[in-house]
Structure formats: C-alpha cells, structure tokens
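One structure is given here, and the rest of the page talks about it.
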Amino acid sequence: MRVTQIFAAAALALASTFAVAAATDSNAGAEQAIRKSLQNLELEVPVESVASSPLNGLYEVKLQGGRVLYASADGQFVMQGYLYQIQDGKPVNLTEKTERQGVAKLINGIPAAEMVVYPAKGETKSHITVFTDTTCPYCHKLHAEVPELNRRGIEVRYVAFPRQGLGSPGDQQLQAVWCSSDRRAALDKMVEGKEIKAAKCANPVSKQFQLGQSIGVNGTPAIVLESGQVIPGYQPAPQVAKLALAGQQQAAK
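FYI, the numbering for the sequence shown is -21 to -1, 1 to 232, going by mature numbering (1 follows the signal peptide of the UniProt record, and there is no 0).
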C-alpha cells in the first residue's frame, strides 16, 4: 500500500471515530436536556429511557409502562402521538410497535408464582395474560371459555385488577383468591358465586392493579397478548385464540 493510501485510510478512520464521539456527546446532551424538561413537567410516570428515534432530530422517550413520547434535542418541544414509517408503500406504526414491546416486557416478566395459571392442553401454542375482577360479569363470561382456550393451545394467565379500586369488594375477593392454597379452585368457586375463606397474606393484588393502570388498563377483562397488544373487554374464545396466535407470531419477529 502506498504512503498516501495509508494516510488516507488513517484520516478516514480518525474522522469516523470523531463522528461517533460527536454523535455520542450529542445524544448524551440531548438526553440530559430532555430529562430536565420532563422533570419540570412533573410527569406521574417516570422516564425509562431517551434515545434517537428513526426520524432524524427527534428523540424517543420511553416511559415506565411502555408509553412513548417524542422530544426535540433541546427538550423544548415534546409531543405525544403516532410516528409512522412508510415501508413498501404501507404505513408502519413505529410508536405502537415500541409501546407493545414495552408492555410485553413488563407483562411477560410477571413471575408465574404471582399469577393464577390455566395451562394449555397438549402443546402450548401461545399465552394470554388477563387482568380480571371476580365481581365483573364479563370476566365470568370469559372465564367460562378458558377450557376452550386451553383446548386450542392457549395458556391463560390471570392477574388481579380490582376495577372499583383498592379496598373495594373486588379487591377483597381477589386477595382471598391469591391467598388460597389452591388459587385455581378458589377463583373457580368465586366466579360461581361461592364464598371462600382464606387467611390474610402478603399478595401481589395491589402491585398488579398499579401495573394495569400503568399500561392503560381501565376496565376488566383486559387481555394482553404475548406481543404486548392490549385487547380491552370480552372476546369469544375463537377470536381470542386467533388474536393470541397472531400475537405470538408478532412477538417472535
């Protein structure tokens, strides 16, 4: 290699190093400015991360619970809304995709020991996580179709969401279920209108209620697919199974 070529290659490598360093410094400065602006706004939900978005000059702000905001590098402009990218002539909702990934991480990270789980029969093709309340009629309707979902290869994972708030009758019932030695049997009986007795214990009901609120759940049942998509309200078993299998394919991508 000629001397001139060596110097040219070295100069190019050095320029690339400076460019990466400048970009890193720029991102760090933007993150600091954006966090400071949002701190002044006193948001109820903490900021989880700040990073460059796919749109040049716009920064993506992930909030705890999966919500996404966008901000300018100086933190003076903040917006909430959908960011689309046109791919092969079709719009792709990047905001929704990012938010679902955040929700999936939270929901799929709940330990099985903190849920009431109804396993699939045979091969587990997918799973759903359901925010439920034992005083909710549509939750009862969905619960009656859990055996059908299990037969279709869908595991049903229940978490607690007392729709009338902590301290409500639903909250007391859910705590009794979660404090029972056999949670599935206790939930089945409670849905059938039977009273169950269970000693008070440390339980995750209030934590799960707060988690549901953080991802936008405001009623029951609320079904969360493996992909992080939230389906509000009751859906019949065939439709839920179809959505669950589609959600599993999305999560696998």
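We put the CB at the ideal spot given by N, CA and C, even for glycine. Remember, it's a predicted structure, so these values are computed and weren't measured experimentally.
Own chain, CB closer than 7 Å to residue i, minus 5 neighbours either side, in chain order
i: V46; result: The sequence given here places Arg at residue 46; Val does not occur at that position. Correct list, in chain order: V24 and E78.
i: Q218; result: none
i: A220; result: L128, R131 and I133
i: Q18; result: none
Beta-carbon proximity of residue i to residue j, cut-off 8 Å
i: A216; j: L128; result: yes
i: L190; j: I107; result: no
i: Q187; j: V138; result: yes
i: C118; j: P200; result: yes
i: E134; j: A99; result: yes
i: T113; j: M169; result: yes
i: Y38; j: I65; result: no
i: R163; j: Y97; result: yes
i: S16; j: G54; result: yes
i: A177; j: S159; result: yes
Residue environment, residue i, which counts as buried when at least 16 other CB atoms sit within 10 Å
i: F56; result: exposed
i: D161; result: exposed
i: G88; result: exposed
i: E174; result: exposed
i: S28; result: exposed
i: A223; result: buried
i: A123; result: exposed
i: Q154; result: buried
Opposing strand residues paired with residue i [DSSP bridges]
i: T108; result: R136 and V203
i: E39; result: A30 and Y49
i: I210; result: I202
i: I89; result: In DSSP, I89 forms no bridge with anything.
i: N129; result: Paired residue(s): none; N129 is not in a bridge.
i: V57; result: A50
i: Q66; result: K69
Minimum C-alpha distance to residue i - residue among the options
i: A50; options: Y63, V82, N35 and Q43; result: N35
i: A165; options: V209, R14, E134 and M94; result: M94
i: A7; options: Q151, A52 and S105; result: A52
i: W157; options: S31, P183, V40 and S147; result: P183
i: G81; options: K104, A91, C115 and L42; result: L42
i: G172; options: A181, S185, S159 and Q152; result: Q152
i: A181; options: A92, A123 and T103; result: A92
i: L22; options: G198, N197 and S193; result: S193
i: T103; options: P90, R136 and K76; result: R136
i: M58; options: S105, L20, V196 and N197; result: L20
Close Cβ partners of residue i (< 6 Å) along its chain, the five nearest in sequence each way excluded
i: T74; result: V47, Y61 and L62
i: V71; result: Q64
i: A30; result: E39
i: L121; result: P200 and Y213
i: K179; result: none
i: E86; result: Reading off the sequence shown, one finds Ile at residue 86, where the question assumed Glu. Contacts found: T108 and V203.
i: A9; result: Y38 and A52
i: P211; result: A201
i: S147; result: P141
Other residues of its chain near residue i: CB distance less than 8 Å, five sequence neighbours each side excluded
i: G149; result: D112, T113, T114, C115, P141, R142 and Q143
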